[in-house]
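Please read the structure below before turning to the comments.
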Amino acid sequence: MSAAILDISRVSKRFVKRPSLGERIAGAFGAGRKTEIVRAVTDVSLDVRKGEVIGLVGESGCGKSTLGRIVAGIYTPSDGQVTFGSAPVAKEQGRRTQKLTTRVQMVHQDPFASLNPRMRIGDTVGEGPVAHKIVKAREADGYVADMLGRVGLDPSYRRRFPHQFSGGQRQRIAIARALAMKPDLLVLDEPVASLDVSIQAQVLNLFMDLRRDLDLTAIFISHDLGVVRHVSDRVAIMYLGRIVELAPTPELYAAPNHPYTRALFESVPRVGVGRKDFRPIAGEIPSPLHPPSGCHFHPRCPFAGPRCKREVPALAPIGPGRSSACHLNTGGTA
Amino acid sequence: MSLDAETRWTRLAGFWSDFRQSPVAVAALIVIVSVVLMAVLAPLVTPQDPYNQQTLDLFDARLEPGETGSGGYVHWLGTDAAGRDVYSAILYGLRTSLIVGVSAGFCALLLGTTVGLVAAYYGGRVEAVIMRIIDLQLSLPAILLALVLVAMLGQGMPQLIGALTAAQYAYFARTTHGAASAERRKDYIEAALSTPLPARQVLFRHLLPNALPPLIVVATVQVANSIALEATLSFLGLGLPLTQPSLGSLISNGFQFLLSGRYWISIYPGIALMLTVVAINLVGDQVRYVLNPRRSR
């Protein structure tokens, strides 16, 4: 096993919505809102090793995108820290986040929103490398052409605007923008979720090719278990801000341990298995404004006992390279 | 390259075909173009330089429109108390009014846009302080602020432009702030910040170009407002000295004769001012309509 290049250490992220002045005045008279705290990510630890792809899976609102943005230096964690090499990825500066490294890059979910509509795509891809002196300004054009070629786009497109491209092409441009920064780690936030299924396959194949050619390390965020199985070496399952299970991909798909992981697999509709009774997980995902006590999954878990209500299960090793956060593995739920 | 030039040209053509849907706006545009042309070409299309004292003749004072003066040419719009040809004075006055109006509008655009962008980009306390100052300023009438500033700074073209800029930048700042705050939350800004690009580059290459369309509209309207404000100040005697008259001072110049039947000294500069301001506003309205993405086509 190679060494970890990214270390996520006990990271939490809380979003605090303070009441506005008007609401505070209303509050003084007994109306209005109180300060609301959304706990998007709670106490997450994860190592990413050189050359591996980690799949980050969970329902919408489970904090997987927030975790991705913390890794990419868009947010700073409220507690804990993310270190790349030996330095933090970003620091807080006043109320803003200042990213400190160019070696972690991100690809956003929606390629229609993530490209500046009034900038030629060549400039979009080239401005970062020029700003950070990865290439000289007068060599940028050739560099951009090279990057576009690498993601399977005609280099002569570089003077066009984003509205002249399809969704799949735009996502390729976004990938080219990230690759142009020569990153050591790529964070892909649901990179195919907003694309047509046929285009999804193209973009995934592109990602697999790039991974092979460039020896990429990546965090691949998705809610699609099939996609994640295809691309990742290890999978982390998130539920309501916490990682509940972490395992190498083949083991996880062969024998999911955590009740939530199992429920997630059972809820996936599959073609041609002959089973028509895929079961949705009971109940709704709870609000991160008021997370349940103890194990966050206990209100929906078929195996929940009194201990689950009281005690937060720790993410504990259950086998070589595998860990799971369930009281069933550590002495039962009673 | 050629394809790209084509797109830009098509967009412009599309804009024009939408714009000319309104005959009123087209007429207003023609008015603006002719007013600007006449002001620029004033020495060529007027019979007299109204501010060269040597060409003025007191015997020509207060001639009625249509009378022929001692210069041998017809004063189509009459003359004022100093024997100045009103038609020539209007065109020379238009020059001053347009220069002041356009420069003040442009300076206010630069200042206001920067302030608004900075507020939207930095957020938090910076935004709160800047926007409260802007709110405070917008609660005062612009004319009051301009009056106080001109009284403090004294007469002269730079002072006047400065005062008008200070009185008007707040409109640009608020518009920019609104548009930029909406853009600020979009993914492409997040992508630029996580690259990371320097703040200046994010502000001026990403945020500004996308916040621009509403500003074009505000800019047209504010140029009209600057012209009207300047005319008001000059009418009150606070704008430019009479040696460098604008439309406002021309109106005030004939004000004392208004009730004695010599209406033309004030009325014609007034009509010129009104035509210019209304035409700019009509064009601005149509531009706003065409650029609004939510209008029904």
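Protein chains in written order, with my numbering: chain A, 150 to 483; chain B, 26 to 322. Note that CB positions come from ideal geometry on N, CA and C, so glycine has one too.
Assigned secondary structure, residue i (DSSP; H/G/I helix, E/B strand, else coil)
{"i": "I434/A", "result": "coil"}
{"i": "F44/B", "result": "helix"}
{"i": "P75/B", "result": "coil"}
{"i": "Q242/A", "result": "strand"}
{"i": "I157/A", "result": "strand"}
{"i": "L69/B", "result": "helix"}
{"i": "E460/A", "result": "coil"}
{"i": "R308/A", "result": "helix"}
{"i": "P397/A", "result": "strand"}
{"i": "I283/A", "result": "coil"}
{"i": "H447/A", "result": "helix"}
{"i": "R36/B", "result": "helix"}
{"i": "E89/B", "result": "coil"}
Spatial distance of residue i from residue j (CA atoms)
{"i": "N306/B", "j": "L54/B", "result": "10 Å"}
{"i": "E89/B", "j": "S259/B", "result": "25 Å"}
{"i": "I154/A", "j": "E433/A", "result": "36 Å"}
{"i": "T366/A", "j": "E339/A", "result": "16 Å"}
{"i": "V60/B", "j": "V302/B", "result": "11 Å"}
{"i": "A323/A", "j": "S164/B", "result": "45 Å"}
{"i": "Q254/A", "j": "V151/B", "result": "29 Å"}
{"i": "F197/B", "j": "Q351/A", "result": "46 Å"}
{"i": "A342/A", "j": "V376/A", "result": "10 Å"}
{"i": "T245/B", "j": "N317/B", "result": "15 Å"}
{"i": "V160/A", "j": "P226/A", "result": "6 Å"}
{"i": "T558/A", "j": "L228/B", "result": "The structure shown does not extend to residue 558/A, since chain A is modelled only from 150 through 483, so no value can be given for it."}
{"i": "H281/A", "j": "E415/A", "result": "47 Å"}
{"i": "A396/A", "j": "G149/B", "result": "41 Å"}
{"i": "G501/A", "j": "V300/A", "result": "The structure shown does not extend to residue 501/A, since chain A spans only 150 to 483, so no value can be given for it."}
Closer than 8 Å to chain C by CB, residue i
{"i": "E241/A", "result": "As a matter of chain content, chain C is missing from the structure shown, whose protein chains are A and B."}
Of the residues the options, the one placed nearest residue i, counting alpha carbons only
{"i": "Q313/A", "options": "E339/A, M268/A, L334/A and I283/A", "result": "M268/A"}
{"i": "A167/B", "options": "Y146/B, R157/B and A195/B", "result": "A195/B"}
{"i": "P183/B", "options": "Y147/B, V125/B, V312/B and G130/B", "result": "V125/B"}
{"i": "L134/B", "options": "D85/B, P239/B, L265/B and S95/B", "result": "P239/B"}
{"i": "S235/A", "options": "R456/A, R252/A and L401/A", "result": "R252/A"}
{"i": "A216/B", "options": "E241/A, G212/A and A325/A", "result": "A325/A"}
{"i": "D85/B", "options": "A106/B, Y288/B, V65/B and T257/B", "result": "A106/B"}
{"i": "G468/A", "options": "A294/A, R411/A and P405/A", "result": "P405/A"}
{"i": "P332/A", "options": "K199/A, H445/A, C444/A and G480/A", "result": "K199/A"}
{"i": "E276/A", "options": "K240/A, P311/A, A327/A and F261/A", "result": "A327/A"}
{"i": "L374/A", "options": "L363/A, R287/A and V417/A", "result": "V417/A"}
{"i": "Y146/B", "options": "L298/B, G203/B and D110/B", "result": "G203/B"}
Where residue i falls, given that 16 or more other Cβ within 10 Å makes a residue buried
{"i": "I252/B", "result": "buried"}
{"i": "N235/B", "result": "buried"}
{"i": "F369/A", "result": "buried"}
{"i": "H407/A", "result": "buried"}
{"i": "V165/A", "result": "exposed"}
{"i": "T184/A", "result": "exposed"}
{"i": "K248/A", "result": "buried"}
{"i": "A152/A", "result": "exposed"}
{"i": "G207/A", "result": "buried"}
{"i": "V4/B", "result": "Coverage of chain B is limited to positions 26 through 322, which leaves residue 4/B absent and any answer about it impossible."}
{"i": "M26/B", "result": "Here the model assigns M26/B a pLDDT of 42, short of 50, so the residue's position is not dependable and the matter cannot be decided."}
{"i": "R322/B", "result": "Unreliable positioning characterises R322/B in this predicted model, as indicated by a pLDDT of 46, which lies under 50. The coordinate reading is nonetheless provided below. R322/B comes out exposed."}
Proximal chain B residues relative to residue i, where beta-carbon distance stays under 7 Å
{"i": "G277/A", "result": "T220 and L222"}
{"i": "L227/A", "result": "A small correction: the amino acid at residue 227/A is Ser; Leu does not occupy that position in the sequence shown. Within 7 Å Cβ-Cβ: nothing; S227/A doesn't reach chain B, min ~17 Å."}
{"i": "V217/A", "result": "In the sequence as displayed, the identity of residue 217/A is Gly instead of Val. Simply none; closest approach about 10 Å."}
{"i": "M330/A", "result": "T220"}
Chain-ordered chain B contacts of residue i [CB-CB under 8 Å]
{"i": "I348/A", "result": "What I348/A touches in chain B: nothing, since even the nearest Cβ is about 19 Å away."}
{"i": "T251/A", "result": "T220 and P221"}
{"i": "I223/A", "result": "E215, L218 and S219"}
Within chain A, partners of residue i - CB distance below 7 Å
{"i": "H202/B", "result": "Result: empty, since nearest Cβ-Cβ is about 17 Å, beyond 7 Å."}
{"i": "G39/B", "result": "Simply none; closest approach about 13 Å."}
Under 9 Å from the C-beta of residue i: neighbouring residues of chain A
{"i": "P239/B", "result": "Correct list: empty, because the minimum Cβ distance to chain A is about 14 Å."}
{"i": "N235/B", "result": "N265, P266 and R267"}
Neighbour list for residue i in chain A, Cβ cutoff strictly below 8 Å
{"i": "H100/B", "result": "Within 8 Å Cβ-Cβ: nothing; H100/B doesn't reach chain A, min ~53 Å."}
{"i": "G148/B", "result": "R244 and R245"}
{"i": "Q226/B", "result": "E276 and A280"}
{"i": "R45/B", "result": "Correct list: empty, because the minimum Cβ distance to chain A is about 25 Å."}
{"i": "R209/B", "result": "Simply none; closest approach about 11 Å."}
Chain-ordered chain B contacts of residue i [CB-CB under 9 Å]
{"i": "L264/A", "result": "D212, Y213 and A216"}
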